[in-house]
Amino acid sequence: AVQAALAWLVRAQASDGRWDASAHGAGTGRAPGGQHDGSVGARSDTGVSGLALLAFLGAGTTHRSGPDADTVERGLRFLLDVQRDDGSLAGDAEFFAGLYCHGMATLALAECCALSGDGALRAPLERAVRHSLAAQHPITGGWRYAPGDRGDTSQLGWQVLVLSAARQAGLGGFDAAETRARTFLQGVSSGQAGGLAAYRPGERPSVAMTAEALVCRLFLGMPVDHPAAREALDFIGRHPPDPRRVNAYTWYYATLASFHSGGDQWHRWNQALQAALLPLQRGGDGPHAGSWDPDPVWGGHGGRVYATAVAALTLEVYYRYLPIHQRGGRIAATP
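Letter by letter, the sequence shown follows residues 264 to 598 of the working numbering.
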């Protein structure tokens with residue numbers, strides 16, 4: 264399934280190295296309440312390109328080695344060419360998509376730098392990480408759409424992943440930013456052990472935000488047997504993937520969180536995931552073969568590239584990360 268997804272992503276890449284979001288259905292999304300979100304996501308080329316690159320990196324291919332190294336090289340070159348002087352990798356993304364795109368693209372750059380050991384990527388990565396750090400709220404510790412915004416859990420997740428991958432690439436100097444991120448997570452927490460999480464402080468907890476917050480906590484050093492982690496995993500486990508209610512974003516973060524729990528819970532989650540996700544992959548030999556259709560929740564914002572890359576990343580957790588319960592510490596990408 265992953266190889267078929269990567270083959271589709273190879274075919275979908277534009278000649279200049281980008282994955283063109285709008286050409287593959289981005290910018291047609293509706294918010295969960297049903298209201299049309301305009302064209303948000305239509306210009307999210309750097310974001311979906313970052314996700315596509317992460318899918319190749321997750322399979323072990325970099326711009327230096329692997330069966331699709333040329334594809335990764337072109338995609339990476341596109342991101343470097345559009346990076347602004349202030350380090351931003353948002354490209355031409357709309358206001359509401361900009362920091363998401365920057366985070367996804369920076370994460371790809373960081374993982375590529377870490378996995379390939381290419382020192383030429385360090386300077387642009389440092390600029391991109393500085394841009395992320397400048398966008399963090401100095402008091403709440405959150406990220407949202409613009410510097411000074413108080414933050415939301417969805418944005419926080421991508422930025423915490425960026426900092427973790429940047430560490431793997433040899434960067435440092437952001438301990439204070441990680442401490443502030445923990446502060447933000449405390450503000451969105453609820454439940455008996457503080458394991459549940461909401462999108463913003465004072466809102467109801469959800470499976471998606473609980474999963475994303477748990478991934479953040481694990482990447483920030485929380486032991487997987489911590490009471491808050493166990494409460495989050497129990498909550499996630501009560502809401503397994505359902506093919507009648509597809510939500511690629513939730514499934515990705517919940518799979519990543521469940522994978523690190525190990526044991527019976529991971530086995531049950533993985534069985535449900537495989538049963539729900541794999542039949543949705545396009546078969547045959549048509550133009551969409553190997554891809555996933557955008558889901559009805561957030562898929563319209565990112566289009567087919569987003570849907571396919573996130574599905575591939577979800578299926579790659581087995582070999583993309585070593586389970587934290589086997590490491591006894593901080594999660595790290597497998598080198």
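All C-beta atoms in this analysis are idealised placements derived from N, C-alpha and C, irrespective of residue type, glycine included.
Practice task
Check whether the Cβ atoms of Thr309 and Ala368 lie closer than 9 Å to each other.
Solution key: Yes; because the gap between Cβ atoms is below 9 Å, this pair is in contact.
Problem - Any 3 or more C-beta pairs closer than 8 Å across the stretch 373 to 380 and the stretch 426 to 434 - result: Touching, yes.
Problem - Residue range of the alpha helix (DSSP H) that includes Ala371 - result: 358 to 379
Practice task
Could you tell me which residues DSSP puts in a beta bridge with Ala461?
Solution key: Pro468
Exercise for the section: Can you tell me the Cβ-Cβ gap for Ser307 and Leu342, rounded? I've got them flagged as a contact below 8 Å. Expected result: Taking 8 Å as the upper bound for CB-CB distance, Ser307 and Leu342 are not in contact here, some 13 Å apart.
Exercise for the section: Identify whether His299 lies in helix, strand or coil by the three-state DSSP scheme. Expected result: Here His299 scores only 47 on pLDDT, less than 50, and its place in the model should not be relied on; the value that follows carries that caveat. It is a strand residue.
Exercise for the section: Kindly provide the ranges of any alpha helix (DSSP H) runs that are 4 or more residues long and lie completely inside the stretch 297 to 335, ordered along the chain. Expected result: 308 to 321
Practice task
Report all residues from its chain with a CB closer than 7 Å to the CB of Leu269; omit the five preceding and five following residues, and keep chain order.
Solution key: Ala318, Phe319, Ala322, Asp331, Ala575
Handout entry: Integer-rounded CB distance, given that Ser469 should sit under 8 Å from Ala456
Key = About 17 Å; that fails the 8 Å criterion.
Handout entry: Alpha carbon of Ala391 to alpha carbon of Ala264, nearest angstrom
Key = 32 Å
Problem - Residue nearest to Gly465 in terms of C-alpha spacing, selected from Gly414, Arg567, Pro559 - result: Gly414
Problem - Which of helix, strand or coil DSSP assigns to Tyr584 - result: It is a strand residue.
Problem - Separation of Leu419 from Val451, as counted between CA atoms - result: 11 Å
Practice task
Could you check which residue in Gly290, Val303, Leu316 has the C-alpha nearest to that of Val273?
Solution key: Leu316
Handout entry: Cβ-based neighbour list, Gly329, same chain, cut-off 8 Å, excluding 5 preceding and 5 following
Key = Phe319, Ala322, Gly323, Val335
Practice task
Alpha carbon to alpha carbon, how far is Leu434 from Thr446? Give it in angstroms, no decimals.
Solution key: 22 Å
Problem - Residues that Gln544 bridges to, as DSSP identifies them - result: Trp555
Problem - Cβ-based burial, Ile499 [other Cβ within 10 Å; buried from 16] - result: Buried.
Practice task
Apply the 10 Å Cβ neighbour rule to Thr442 and answer buried if 16 or more other Cβ atoms are within range, or exposed otherwise.
Solution key: exposed
Exercise for the section: Work out the CA separation of Arg508 and Leu388 for me, nearest whole Å. Expected result: 37 Å
Exercise for the section: Measure from the alpha carbon of Ala572 to the alpha carbon of each residue in Trp514, Ser524, Ala356, then state which is nearest. Expected result: Trp514
Handout entry: Cut-off 7 Å between Cβ atoms - residues of its own chain near His394, not counting five sequence neighbours on either side
Key = Asp349, Gly350, Ser351, His365
Exercise for the section: Leaving out five residues on either side along the sequence, give the residues of the same chain with a beta carbon under 8 Å from the beta carbon of Glu579. Expected result: Val265, Ala318, Gly321, Ala322
Handout entry: Ordered list of alpha helix (DSSP H) runs contained in the stretch 385 to 451, each at least 4 residues
Key = Runs of the alpha helix (DSSP H) inside the stretch 385 to 451: 385 to 398, 416 to 431, 438 to 450.
Problem - Span separating the alpha-carbon of His299 from that of Ser285 - result: Because the pLDDT of His299 is 47, which lies under 50, any placement of that residue in the model is unreliable, and the number read from its coordinates should be weighed accordingly. Near 16 Å, if we compare the C-alpha coordinates of Ser285 and His299.
Handout entry: Own chain, CB closer than 6 Å to Ala495, minus 5 neighbours either side, in chain order
Key = Gly458, Thr473, Leu477
Exercise for the section: Could you check what DSSP says for Ser521 in three-state terms: helix, strand or coil? Expected result: helix
Handout entry: For Leu668, the nearest candidate out of Gly436, Asp488, Gly405 (CA to CA)
Key = The requested residue 668 is not part of the displayed model; the chain covers only 264 to 598.
Problem - Residues near Ala517 by beta carbon distance below 6 Å, same chain, minus five either side - result: Ala474, Ile499
Exercise for the section: My understanding is that Phe482 touches Tyr408, with C-beta atoms under 8 Å, so please give their C-beta distance in whole angstroms. Expected result: Not quite, the Cβ-Cβ distance comes to about 23 Å (not below 8 Å), so this is no contact.
Problem - Those residues which DSSP pairs with Ser260 across a bridge - result: The displayed coordinates of the chain run from 264 to 598. Any statement about residue 260 would go beyond what the structure contains.
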